[in-house]
Amino acid sequence: MSGKNNIEKLSEIDGHVAKHYNIVRRLGKGAYGIVWKAVNKRTKKIVAMKKIFDAFRNQTDAQRTFREIMFLLSFANHENIIQLIGLHKANNNQDIYLVFEFMETDLHNVIKRGNILKDIHKVFIMYQLFKAIKYIHSGSVIHRDLKPSNILLNTQCHCKIADFGLARSVTQVGEGDSESSGDPTLTDYVATRWYRAPEILIASKRYTKGIDMWSLGCILGEMLLEKPLFPGSSTINQVERIMATLPPPTPEDIMSVSAGYGSNLLEKTPDMPRRTLRELFINVSESAIDLINKLIIFNPTHRLTAVEALEHSYVANFHHRASEPECSANVIPPLRDDVQLTVKEYRNKLYSMMDEKHRKYKNM
């Protein structure tokens, strides 16, 4: 790393943060922040440091930042959930730094490169994902943004779920209940429609843990096909692709998602040309096909739960109930999660949580 590049990188980092880390290289930069590979000077551990630009620019961004940190701290003890090991305020009182354990890559990049994952790797990844989601769901939380780029991997094929910015607690809004209009994050955030369950695509406000199970089915399908299962070009096209693969939804199925305008779209789909999931997957094991067929189901109440998925024959070689823990209690957010609060409320609560965490570090 040249001296000039080093100076440029350090200039992007607040001095009180930079003094704790040796920056190895920048991993990525986007509109919302920068991620670096770094080494903690005291512990010598390799970490990933993420600087979120203007984390509290509006209510939606403030809510996402708050959720990301609050849920990561709540799930800090699971081996398949990324560990948040440091938090730092920025001098401008707007940006924020998150420090994570370092993972070499993510599932999106691995799939994109092709022919890297053997069948046993795919099974192992799905087993770890089911195990992590069992833990998350047992705490009455739904991740809501599972996709290959949020599945981090190391060279031993150990995976960890990341990015809890869209996660929701169902302790305040009961699972299956309609959500208030105070949470626009899902409908506004369309970058990951390929992994969205039908009920989200058609704007149902009735959220269940089945949302995550659908996404896991899409991830398994993508690993097997080495391309996205339902790569819709728009929300309507996404629904059409799904409906062209699944059996026509029954009136009970349509009622199960409690859709408004989306019901009309679903009722028009029976005449569409269809290609079943079994026809999409060639040279794929029967157990893999069976698992996908039990996850990619229109009615969310009929999808496998994470606990049931762990019992499936596809992951039988790894399944060991004693090493598949549940949360000891429901995760209850310290602020209401069923309505959107003010930027000031999110910032103040988050800063108080950070101060408490730093006090614990000092006493260790």
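By our numbering, the letter at position 70 of the sequence shown is numbered 497, and the numbering carries on one by one without gaps. For every residue, glycine included, the Cβ atom is placed at its ideal position computed from N, Cα and C. Since this is a predicted model, take the numbers as computed values, not measurements.
Beta-carbon proximity of residue i to residue j, cut-off 9 Å
| i | j | result |
| --- | --- | --- |
| Gly-513 | Leu-499 | no |
| Ile-543 | Phe-502 | no |
| Phe-529 | Lys-464 | yes |
| Phe-557 | Asp-572 | no |
| Val-742 | Met-553 | yes |
| Ala-517 | Lys-549 | no |
| Cys-586 | Asn-507 | yes |
| Ile-646 | Phe-657 | no |
| Leu-580 | Leu-534 | yes |
| Thr-466 | His-515 | For the record, residue 466 in the displayed sequence is Val; it is not Thr. Their beta carbons are not under 9 Å apart, which means Val-466 does not touch His-515 by this criterion. |
| Leu-718 | Leu-673 | no |
Of the residues the options, the one placed nearest residue i, counting alpha carbons only
| i | options | result |
| --- | --- | --- |
| Met-650 | Ile-560, Ile-578, Ala-630 and Ile-461 | Ile-578 |
| Leu-768 | Asn-485, His-447, Ala-465 and His-443 | Asn-485 |
| Glu-706 | Ala-671, Thr-728 and Ile-588 | Ala-671 |
| Arg-452 | Lys-446, His-747 and Ile-461 | Ile-461 |
| Arg-633 | Met-682, Arg-730, Gly-442 and His-505 | Met-682 |
| Pro-727 | Arg-701, Gly-644 and Glu-783 | Gly-644 |
| Glu-733 | Ser-712, His-570, Cys-584 and Phe-493 | The amino acid at residue 733 is misidentified as Glu; the sequence shows Ala. Minimum Cα distance to Ala-733 is reached at His-570. |
| His-505 | Ala-458, Glu-751, Asn-744 and Glu-783 | Glu-751 |
| Tyr-778 | Phe-745, Phe-493, Asn-710 and Val-766 | Phe-493 |
| Asn-373 | Asn-664, Val-766 and Ser-714 | This structure cannot settle anything about residue 373, because the visible part of the chain is limited to 428 through 791. |
Separation of residue j from residue i, as counted between CA atoms
| i | j | result |
| --- | --- | --- |
| Ile-759 | Phe-708 | 41 Å |
| Asp-546 | Leu-652 | 12 Å |
| Asp-615 | Leu-628 | Its pLDDT being 44, under 50, Asp-615 is placed unreliably by the model, and the measurement read from it follows with that caveat. Cα-Cα distance, rounded: 11 Å. |
| Ile-588 | Phe-527 | 12 Å |
| Thr-532 | Arg-540 | 12 Å |
| Lys-636 | Lys-446 | 42 Å |
| His-739 | Pro-675 | 25 Å |
| Arg-701 | Ile-716 | 17 Å |
| Glu-495 | Pro-678 | 37 Å |
| Glu-439 | Tyr-448 | 13 Å |
| Lys-472 | Ser-661 | 42 Å |
| Glu-735 | Glu-783 | 38 Å |
| Gln-555 | Ser-712 | 19 Å |
| Gly-609 | His-747 | Caution applies to Gly-609, whose pLDDT of 44 falls short of 50 and renders its modelled position unreliable; the model cannot decide the point. |
| Lys-468 | Asp-764 | 37 Å |
| Tyr-459 | Arg-491 | 12 Å |
| Ile-815 | Thr-582 | In the structure as shown, the chain starts at 428 and stops at 791, and residue 815 therefore has no counterpart that could be examined. |
| Asn-664 | Glu-626 | 14 Å |
| Ala-804 | Glu-667 | The shown model of the chain, from 428 to 791, leaves out residue 804, and the question about it has no answer. |
| Thr-470 | Asn-710 | 47 Å |
CB-CB length for residue i against residue j, believed under 8 Å
| i | j | result |
| --- | --- | --- |
| Tyr-622 | Lys-561 | About 19 Å; that fails the 8 Å criterion. |
| Ile-684 | Ser-642 | Reading off the sequence shown, one finds Val at residue 684, where the question assumed Ile. About 16 Å; that fails the 8 Å criterion. |
| Gly-648 | Arg-620 | Going by Cβ atoms, the distance from Gly-648 to Arg-620 rounds to 15 Å, so no, they are not a contact pair. |
| Cys-754 | Ser-576 | So it is not a contact: roughly 25 Å between Cβ atoms. |
| Leu-730 | Leu-722 | The sequence given here places Arg at residue 730; Leu does not occur at that position. About 6 Å separates the two Cβ atoms, so the contact holds. |
| Phe-483 | Arg-774 | 5 Å |
Beta-carbon proximity list for residue i, same chain, < 6 Å, skipping 5 on both sides
| i | result |
| --- | --- |
| Val-568 | Ala-594, Ser-596 and Val-758 |
| Lys-789 | Summary for Lys-789: the model assigns pLDDT 47, below 50, so the residue's position carries little reliability; its value from the coordinates is reported in the next sentence. So the list is empty, once near-sequence residues are dropped. |
| Ala-624 | Ile-638 and Trp-641 |
| Asp-441 | Ala-517 and Asn-518 |
| Thr-598 | Ser-567, Asn-757 and Ile-759 |
Residues near residue i in its chain [Cβ-Cβ closer than 8 Å; skip 5 each side]
| i | result |
| --- | --- |
| Asp-481 | Asp-488, Gln-521 and Asp-522 |
| Pro-761 | Met-497, Lys-776 and Met-780 |
| Leu-454 | Val-462, Trp-463, Lys-464 and Ala-475 |
| Lys-771 | none |
| Asn-720 | Leu-704 and Arg-705 |
Near the ligand FAD: residue i beta-carbon under 8 Å from a heavy atom
| i | result |
| --- | --- |
| Leu-573 | By its list of ligands, the structure shown contains no ligand whatsoever, and the ligand FAD lies outside what it can speak to. |
Own chain residues within Cβ distance below 7 Å of residue i, not counting five before or after
| i | result |
| --- | --- |
| Pro-655 | Trp-621 and Glu-649 |
| Val-537 | Ile-543, Leu-544 and Leu-580 |
| Ile-724 | Arg-730 |
| Asp-680 | Phe-725 and Asn-726 |
| Ala-559 | His-505, Asn-507, Ile-508 and Ile-588 |
C-beta neighbour in chain B for residue i, strict 9 Å
| i | result |
| --- | --- |
| Leu-534 | In the structure shown, chain B does not exist; there is a single protein chain. |
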